[in-house]
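There are 2 protein chains.
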Amino acid sequence: MSKISKKIVERLIIYRRCLIRSSVNSNNTHIFSHQLAKKSGASSAQVRRDIMGLGYSGSPAYGYEIKSLVDSIGKFIDPVKREKIAIIGLGNLGKAIVDYFNKQSLEMEIVAAFDTNPEKVNRVLMGCKSYHIKEMKSIIKEYDIQTAILCIPSINAQEVTDELIESGIKGILNYAPINLNVPLNIYVENLDMIAIFEKVSYFARKNNK
Amino acid sequence: MSKISKKIVERLIIYRRCLIRSSVNSNNTHIFSHQLAKKSGASSAQVRRDIMGLGYSGSPAYGYEIKSLVDSIGKFIDPVKREKIAIIGLGNLGKAIVDYFNKQSLEMEIVAAFDTNPEKVNRVLMGCKSYHIKEMKSIIKEYDIQTAILCIPSINAQEVTDELIESGIKGILNYAPINLNVPLNIYVENLDMIAIFEKVSYFARKNNK
DNA sequence: TACTGTGAACTCCTTCACAGCG
DNA sequence: CGCTGTGAAGGAGTTCACAGTA
């Protein structure tokens with residue numbers, strides 16, 4: 004059960020989104036691997052293999068039962084209780100992310116934001132309260148927050164990361180374009196929007212070759 | 004020269020960023036593979052292999068000459084002329100992205116934005132003019148824009164994508180959480196921020212196992 | 001008949017390990 | 001020496017192809 008790779012987790016999350024959308028948009032109760040493949044952008048063999056990894060089984064006659072497959076993925080992926088998230092940095096990007104996340108009703112919510120700018124603290128945006136960064140450690144511990152989104156300039160990113168780890172954070176989604184040094188038990192995902200765009204531009208010019 | 008995979012392109016972009024930063028922050032003219040590895044988060048063998056793919060050579064005594072390596076990567080990755088980008092959707096996220104991209108002085112710029120909301124058109128944000136989406140096709144052709152950033156609700160994403168392709172767009176950075184159907188010669192990169200965060204949350208709970 | 005579940009093959013990516021060199 | 005460049009090994013991820021099944 005535990006040998007589920009990063010790639011498979013990524014796809015399971017996408018499958019679930021597709022399944023939920025298709026159960027809302029149609030009243031089909033079942034779906035075949037090739038249909039889910041089409042919707043998600045994966046191959047049908049991959050869909051079957053990934054679902055196999057969950058221990059879930061479909062039927063050759065009807066395919067997968069959407070509702071129970073969604074539950075199986077959820078049981079595997081989701082936290083037991085509602086996830087509380089912190090965000091560091093309330094520049095335009097940080098604010099847009101708070102808005103974007105908290106607008107959707109997900110099993111997760113950005114509950115606390117931190118910034119150094121006095122004008123940005125002690126406000127509330129989409130249910131998220133903002134604090135001065137010097138309060139970060141105590142607030143994160145108080146709320147028992149496990150994951151953080153980092154939206155600050157690269158120059159401060161390592162320093163703030165060290166504090167986040169001291170505060171008990173276990174996962175970081177890092178928008179700063181810099182590699183963070185962290186202990187092995189901390190998960191960091193780098194999301195460098197400029198670098199990703201440069202890649203798109205490169206392959207666009209090469210006609211996706 | 005042409006067998007450079009997606010993964011290698013991603014890392015070359017990161018290496019270049021690290022090299023430029025380190026030539027600004029110190030006055031070293033050379034760098035060893037293990038130093039660049041540390042800065043970029045790759046392994047030293049990977050750094051050497053990726054650079055080998057460029058056809059660039061370092062010296063065992065001094066490592067790689069930073070300036071000429073940056074040039075080699077640029078010659079490989081960069082467009083010949085300054086890249087013009089379109090963005091579709093001027094919600095909070097779209098606006099933040101325009102601001103974030105155009106604040107940096109890069110070899111690329113978001114020059115045109117499109118939205119359906121009349122209040123959002125005919126404005127200028129960070130050098131980017133906004134238009135009603137019905138003008139999209141003509142403006143994209145006029146500016147000869149090759150790549151677009153899609154920041155609109157999933158429900159409209161496929162329809163707008165089809166129009167983008169008709170307009171001559173070759174690459175799309177898609178922030179909408181949906182798989183787009185496009186011809187094989189069009190490059191699409193999906194950037195589903197919620198899905199990425201769900202992954203961070205999952206691996207944070209598993210202690211990065 | 002058309003699907004799932006899956007061993008086996010295959011392709012792609014990463015790391016090892018060492019010859020060659022300044 | 002300690003580095004680069006690289007053949008070869010190893011590992012991860014994907015696809016093939018087909019037996020089993022309703």
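So the protein sequences, as listed, match chains P and F. Mapping to my numbering: the first sequence position 90 is 93, numbers consecutive. Mapping to my numbering: the second sequence position 124 is 127, numbers consecutive. Every residue, glycine too, gets a C-beta built ideally from N, C-alpha and C. Fair warning: this is a prediction, and the values are worked out from it, not measured in the lab.
- Task: Could you name the residues of the stretch 28-62 of chain P whose beta carbon sits closer than 7 Å to any beta carbon of chain F, in the order they occur along the chain?
- Result: Lys42, Ser43, Gly44
- Can you have a look at Val185 (chain P) and say buried or exposed, based on whether 16 or more other CB atoms are within 10 angstroms of its CB? For the purposes of this step, residue 185 (chain P) is taken as the residue at position 182 of the first sequence. Under this definition Val185 (chain P) is a buried residue.
- Task: Pull up the distance between the alpha-carbon of Gly83 (chain P) and that of Ser204 (chain F), whole angstroms please.
- Result: Sequence index remark: in the first sequence, residue 83 (chain P) carries index 80 (1-based). Sequence index remark: in the second sequence, residue 204 (chain F) carries index 201 (1-based). Reading off the sequence, residue 83 (chain P) comes out as Val, not Gly. For Val83 (chain P) and Ser204 (chain F), the distance between alpha carbons rounds to 12 Å.
- Three-state class that DSSP yields for Phe200 (chain P) in the structure shown: Position 197 of the first sequence holds residue 200 (chain P). Residue state, collapsed to three classes: helix.
- Within 10 angstroms of its Cβ, does Ser133 (chain P) collect 16 or more other Cβ (buried), or is it exposed? Position 130 of the first sequence, counted from the start, is the residue given in the question as residue 133 (chain P). So Ser133 (chain P) ends up on the buried side.
- Near Phe3 (chain P), what residues of its chain come up, given a Cβ to Cβ distance below 8 Å and the 5 sequence neighbours on each side ignored? The structure shown does not extend to residue 3 (chain P), since chain P spans only 4 to 212, so no value can be given for it.
- Message: I believe Ala89 (chain P) touches Ala115 (chain P) by the beta-carbon criterion, under 8 Å. Please report the beta-carbon distance rounded to the nearest angstrom.
- Response: Taking the first sequence and counting its residues from 1, one reaches residue 89 (chain P) at position 86. Taking the first sequence and counting its residues from 1, one reaches residue 115 (chain P) at position 112. That pair is a contact at about 5 Å.
- Item | Nearest residue (CA-CA) to Pro156 (chain F), options F:Ser47, F:Leu96, F:Ile199 | Reading the second sequence from its first residue, position 153 is the one you call residue 156 (chain F). Measuring C-alpha to C-alpha distances from Pro156 (chain F) to each of F:Ser47, F:Leu96, F:Ile199 identifies F:Leu96 as the nearest.
- Query: If you draw a straight line from the C-alpha of Glu3 (chain F) to the C-alpha of Thr150 (chain P), how long is it?
  - Reply: Residue 3 (chain F) lies beyond the range of chain F shown here (4 to 212); nothing can be said about it.
- Item | chain P contact residues for Val127 (chain F), given Cβ-Cβ distances below 7 Å | Counted from its first residue, the second sequence places residue 127 (chain F) at position 124. Result: empty, since nearest Cβ-Cβ is about 16 Å, beyond 7 Å.
- Sort out for me which residues DSSP pairs Tyr190 (chain F) with in a bridge. Position 187 of the second sequence, counted from the start, is the residue given in the question as residue 190 (chain F). The partner list for Tyr190 (chain F) (beta bridge, DSSP) reads F:Gly174.
- Query: When DSSP labels each residue in this structure, what does Asp81 (chain P) get in the three-state scheme?
  - Reply: The sequence position of residue 81 (chain P) within the first sequence is 78, counting from 1. Coil at Asp81 (chain P), not helix or strand.
- Query: Got a sec, what are the start and stop residues for the beta strand (DSSP E) Ser133 (chain P) sits in?
  - Reply: What you label residue 133 (chain P) is simply residue 130 of the first sequence in a count that begins at 1. Element bounds for Ser133 (chain P): 131-135.
- Item | Terminal residues of the beta strand (DSSP E) in which Val114 (chain P) lies | For the purposes of this step, residue 114 (chain P) is identified with residue 111 of the first sequence, where counting begins at 1. Residues 111-118.
- Contacts of Pro82 (chain F) in chain P (Cβ-Cβ under 7 Å): Start at 1 with the first residue of the second sequence, and residue 82 (chain F) comes out as number 79. Per Cβ cutoff of 7 Å: Ser204, Arg208.
- Message: In this structure, how does DSSP classify Leu39 (chain F) when only helix, strand and coil are distinguished?
- Response: In the second sequence, the residue the question calls residue 39 (chain F) occupies position 36. Correct three-state label for Leu39 (chain F): helix.
- Query: What residues from the stretch 65-90 of chain F come within 7 Å of chain P, judged by C-beta to C-beta, listed N to C?
  - Reply: From the stretch 65-90 of chain F, only Ile80, Pro82, Glu86 have a Cβ closer than 7 Å to chain P.
- Short check: CB of Val191 (chain P) to CB of Ile175 (chain P), under 7 Å? Your numbering for residue 191 (chain P) matches position 188 in the first sequence. Your numbering for residue 175 (chain P) matches position 172 in the first sequence. Going by C-beta atoms, Val191 (chain P) is nearer than 7 Å to Ile175 (chain P).
- Message: Please list, in chain order, the residues of the stretch 137-153 of chain P that have any C-beta partner in chain F closer than 8 Å.
- Response: For the stretch 137-153 of chain P, the set of residues with a beta-carbon nearer than 8 Å to any beta-carbon of chain F comprises Gln149, Thr150, Ile152, in chain order.
- Residues, ordered as in the chain, of the stretch 97-131 of chain F that lie near chain P by beta-carbon distance below 8 Å: Lys98, Ala99, Ile100, Asp102, Tyr103, Phe104, Gln107, Leu109, Met111
- Could you check the C-alpha separation between Phe117 (chain P) and Ile189 (chain F) for me, to the nearest Å? Sequence index remark: in the first sequence, residue 117 (chain P) carries index 114 (1-based). Sequence index remark: in the second sequence, residue 189 (chain F) carries index 186 (1-based). Rounded to the nearest angstrom, the two C-alpha atoms are 40 Å apart.
- Excluding the 5 residues preceding and the 5 following Lys123 (chain F) in the sequence, name in chain order all residues of the same chain whose CB lies nearer than 7 Å to its CB. Taking the second sequence and counting its residues from 1, the one referred to as residue 123 (chain F) is at position 120. Closer than 7 Å at Cβ, skipping near neighbours: Leu93, Ser133.
- Task: Measure how close the beta-carbons of Asn210 (chain P) and Lys173 (chain F) come, nearest whole angstrom, since I'm counting them as under 8 Å.
- Result: Sequence index remark: in the first sequence, residue 210 (chain P) carries index 207 (1-based). Sequence index remark: in the second sequence, residue 173 (chain F) carries index 170 (1-based). Cβ-Cβ separation between Asn210 (chain P) and Lys173 (chain F): approximately 7 Å, consistent with a contact (criterion under 8 Å).
- Report yes or no: do the stretch 47-63 of chain F and the stretch 60-67 of chain P share at least 3 C-beta pairs separated by less than 8 Å? No, because fewer than three Cβ pairs between the stretch 47-63 of chain F and the stretch 60-67 of chain P fall closer than 8 Å, the two stretches do not touch.
- Beta-bridge partners of Thr150 (chain P), as assigned by DSSP: Locating residue 150 (chain P) in the first sequence gives position 147, counting from the first residue. Looking at the DSSP output, Thr150 (chain P) sits in a beta bridge with P:Ile88, P:Gly174.
- Residue interval of the alpha helix (DSSP H) (run including Ala160 (chain F)): Working through the second sequence from its first residue, we reach residue 160 (chain F) at position 157. Residues 157-169.
- Where does Leu15 (chain P) sit, in a helix, a strand or coil, going by DSSP? Within the first sequence, residue 15 (chain P) is the residue found at index 12, counting from 1. Of the three classes helix, strand and coil, the one that applies to Leu15 (chain P) here is helix, per DSSP.
- Message: So Leu22 (chain F) and Ile34 (chain F) are supposed to be a Cβ contact under 8 Å. How far apart are they, rounded?
- Response: Along the second sequence, read from residue 1 onward, the residue named residue 22 (chain F) stands at position 19. Along the second sequence, read from residue 1 onward, the residue named residue 34 (chain F) stands at position 31. Yes, they are in contact, since the Cβ atoms of Leu22 (chain F) and Ile34 (chain F) sit about 7 Å apart, within 8 Å.
- Message: Less than 8 Å between C-beta atoms, sequence neighbours within five positions excluded: which residues of the same chain meet that for Ile168 (chain P)?
- Response: The residue labelled residue 168 (chain P) in the question sits at position 165 within the first sequence. Contacts found: Val185, Pro186, Ile189.
- Message: Against chain F, does Ala179 (chain P) count as a neighbour if the rule is that its beta carbon must be under 7 Å from one of theirs?
- Response: For the purposes of this step, residue 179 (chain P) is identified with residue 176 of the first sequence, where counting begins at 1. No, no contact with chain F.
- Task: My understanding is that Ile136 (chain F) touches Gly171 (chain F), with C-beta atoms under 8 Å, so please give their C-beta distance in whole angstroms.
- Result: Sequence index remark: in the second sequence, residue 136 (chain F) carries index 133 (1-based). Sequence index remark: in the second sequence, residue 171 (chain F) carries index 168 (1-based). At roughly 16 Å, the Cβ-Cβ gap does not stay under 8 Å, so Ile136 (chain F) and Gly171 (chain F) are not in contact.
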